[in-house]
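Q: Under our numbering, read the sequence shown as residues 1096 to 1153, first letter to last.
The beta-carbon is built from N, C-alpha and C at its ideal position, and this holds for glycine as well.
Predicted, not measured: the structure shown is a model, and the values here were computed from it.
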Amino acid sequence: MQEFADAEFVITDRLHGMVFAAITGTPCIALSNNHHKVSGTYNWISYLPYIKYSRVVK
């Protein structure tokens, strides 16, 4: 958790990475993945201005 808090920003496609960034107030770009967990959880925390979501286009 401290590593996230010390970071300037985080780029992740993992649910827990996005959640840790949200908890610590660390700016984050969350990328979509095959499990839809990130997008589903992002819908709950999208009000946080420092968390952004991007769908990866293949």
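Identify the residues that DSSP records as bridge partners of V1105: which are they?
A: Answer is C1123.
Q: Does the Cβ-Cβ distance between L1073 and S1149 come in under 8 Å?
A: This structure gives no information on residue 1073, because the portion of the chain shown stretches from 1096 to 1153.
Q: To which residues of the same chain is T1121 closer than 6 Å at the C-beta, ignoring the five residues directly before and after it?
A: Answer for T1121: F1099, A1102, V1105, listed in chain order.
Q: Could you give the DSSP three-state label for Y1148: helix, strand or coil?
A: Note: Y1148 maps to strand in three-state DSSP.
Q: Kindly indicate which three-state DSSP category Y1142 falls into: helix, strand or coil?
A: Reduced to three states, the DSSP call for Y1142 is coil.
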